[in-house]
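Using full-length UniProt numbering, you'd call the opening residue of the sequence shown number 1 and step up by one each time.
Contents: one structure, followed by commentary.
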Amino acid sequence: MAFYRQVGSVPPKRHTQHRDEHGKLYREELMGEEGFSGDSALLYHLGLPPAIVDSTTWALPDPTTAPNHPLRHRHLRPHELFPDDSHAHTDAVTGRRLLLGNADVRISYVVAAATSPLYRDAIGDELVYVESGAALLETVFGTLPVTCGDHALIPRATTHRWVPEGQEPLRAYVIEASGHITPPKRYLSRFGQLLENAPYCERDLHGPTETALVAGEDVEVLVKHRVRSGIVGTRLCYATHPFDVVGWDGCLYPYTFSIHDFEPITGRVHQPPTVHQAFAGAGFVVCDFVPRKVDYHPLSIPVPYYHSNVDSDEVMFYCGGDYAARRGAGIGPGSVSVHPGGYAHGPQPGAYEAGIGVDFFDELAVMVDTFHPLGLGEGALACEDPNYAWSWSGRGPR
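Here it is as structure tokens:
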């Protein structure tokens, strides 16, 4: 994320004295990636960033996954995980239900109406897609409004919390990485500017515009981190509020990007899924499928061709519109399809032929392609449609 930003009060030169009107020094904190070799930000605190008064265990929801064995395509219906009013006391951090995961990425779903605890993911960046509802994303860098269709990218180790707004609960599809999530390298100049051939530009990325500057003592923060045995949680109690920042600058900070600002790339014949790519992580990519004009060759077949994911598992979250290629499979808004590497998938019976002559697709979806097999989390096992795998043949297991 190499786009410089300055918010609040910072000194003219980094690593020099910065004082308040009474002469008291602010404490400078460097938050940086890849040691001192990647993007970073400098934050100026009223208190001491490392000062804690307690550290206890935070018991995480079940993080384990089961292998996709025997191998088959799967259809998940995560809306079923949160029946009527079950979200009233659920928050967007502790209420997540794990759908899929491997060592590189974990995908969860949550419906939340309650304010979350302060939280920090010390394992990797998080990319949260808002299916519906709205919230304030309060962070150590400042507050971001988040609404339906927004991706919120939260850098690793950013202390934050989710505050749902309005009458409608927040429905969110959460991608937790084990590393960093960035725009694809092919969209960037060698100095980090988004190029003319990129499907979005810096104007579409919205970072904080002012600091939060919250006072407080003995403030609890939930931290997700790794130990040798896997993912664990710690409950830290800070002597002063982590949001005691008077100013910051740099190229590392949370931001939002609306799926509606993604500019689709089309062609005379069907374009590969790579043209829909919006973000890249270590071991996975994220693609946005948006309403668009489709192929205009006179003999084109607009729906996707059948394809085998030789190197990856493909996960599609259907979040709006009409899915012509999936008609008849039970797929609808809120569905998650899982097409593992190992054998072909594609349009449902009849969709291939029915798509001929269509010139526009009204669909909205977020796709994650991983390069290592995904396991099934407890949420997936609780909301699977058992009939999806047989929808191409029209008959069940022998």
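The beta-carbon is built from N, C-alpha and C at its ideal position, and this holds for glycine as well.
Small disclaimer: the values here were computed from a predicted structure and weren't measured.
Handout entry: Per-residue burial, leucine 71 [other beta carbons within 10 Å of its own, 16 or more giving buried]
Key = To locate residue 71, count along the sequence shown from 1; it is residue 71. Residue environment for leucine 71: exposed (fewer than 16 other C-beta atoms within 10 angstroms of its C-beta).
Problem - Three-state secondary structure assigned by DSSP to tyrosine 34 - result: Here residue 34 refers to the residue found at position 34 of the sequence shown. According to the sequence as given, residue 34 is glutamate; it is not tyrosine. Note: glutamate 34 maps to coil in three-state DSSP.
Problem - Secondary structure of isoleucine 259, DSSP reduced to three states - result: The residue you call residue 259 lines up with position 259 of the sequence shown. Judged by DSSP in its simplified three-state form, isoleucine 259 adopts helix.
Handout entry: Selected residue, minimal CA-CA separation from glycine 233, among Tyr119, Leu376 and Asp20
Key = Reading the sequence shown from its first residue, position 233 is the one you call residue 233. Residue Tyr119 is the option with its Cα nearest to glycine 233.
Problem - valine 290, DSSP secondary structure in three states - result: Position 290 of the sequence shown, counted from the start, is the residue given in the question as residue 290. Coil at valine 290, not helix or strand.
Handout entry: Start and end residues, beta strand (DSSP E) containing leucine 48
Key = Here residue 48 corresponds to residue number 48 of the sequence shown, with the count starting at 1. That residue, leucine 48, is in no beta strand (DSSP E); it is neither H nor E in DSSP.
Problem - Whole-angstrom distance between alanine 280 and glycine 394, CA atom to CA atom - result: Sequence index remark: in the sequence shown, residue 394 carries index 394 (1-based). Sequence index remark: in the sequence shown, residue 280 carries index 280 (1-based). Just so you know, the alpha carbons of glycine 394 and alanine 280 end up roughly 36 Å apart.
Handout entry: Delimiting residues of the alpha helix (DSSP H) encompassing alanine 351
Key = Mapped onto the sequence shown, residue 351 falls at position 351. Looking at the DSSP string, the run of the alpha helix (DSSP H) that includes alanine 351 is 351–354.
Practice task
Measuring alpha carbon to alpha carbon, tell me which of Thr158, Gly133, Gly149 and Glu131 ends up nearest threonine 143.
Solution key: By 1-based counting over the sequence shown, the position of residue 143 is 143. From the listed residues Thr158, Gly133, Gly149 and Glu131, the smallest Cα separation to threonine 143 is found for Thr158.
Problem - Alpha-carbon spacing of serine 335 relative to histidine 87, whole angstroms - result: Counting from one through the sequence shown, the residue named residue 335 turns up at place 335. Counting from one through the sequence shown, the residue named residue 87 turns up at place 87. Straight across, the Cα-Cα distance linking serine 335 with histidine 87 is about 19 Å.
Practice task
Apply the 10 Å Cβ neighbour rule to alanine 365 and answer buried if 16 or more other Cβ atoms are within range, or exposed otherwise.
Solution key: In the sequence shown, counting from the first residue as 1, residue 365 sits at position 365. In summary, alanine 365 is buried, with 16 or more beta-carbon neighbours lying within 10 Å of its beta-carbon over all protein chains present.
Practice task
Below 6 Å CB to CB, which residues in the same chain sit around leucine 46 once its five sequence neighbours on both sides are set aside?
Solution key: The residue you call residue 46 lines up with position 46 of the sequence shown. The answer, listed in chain order, is Asp244.
Exercise for the section: Return the bridge partner residues of phenylalanine 360 from the DSSP annotation. Expected result: In the sequence shown, the residue the question calls residue 360 occupies position 360. Per DSSP, Lys293.
Practice task
Return the residue from the list Gly346, Glu165 and Val128 that minimises the CA-CA distance to histidine 151.
Solution key: On the sequence shown, position 151 is the one that residue 151 refers to. It is Val128 whose Cα lies nearest to the Cα of histidine 151.
Exercise for the section: Over the uninterrupted alpha helix (DSSP H) stretch that includes leucine 236, give me the two end residues. Expected result: As a working note, residue 236 is residue 236 in the sequence shown. Note, leucine 236: premise wrong, no alpha helix (DSSP H); beta strand (DSSP E) at 230–240.
Problem - Buried or exposed by the 16-neighbour rule on C-beta atoms within 10 Å, applied to valine 275 - result: Residue mapping note: residue 275 aligns to position 275 of the sequence shown, counting from 1. Exposed, because fewer than 16 other Cβ atoms sit within 10 Å of the Cβ of valine 275.
Exercise for the section: Evaluate contact between the segment 130–141 and the segment 184–203, counting only Cβ atoms and requiring at least three cross-stretch pairs below 8 Å. Expected result: Flag = no, the segment 130–141 and the segment 184–203 do not touch.
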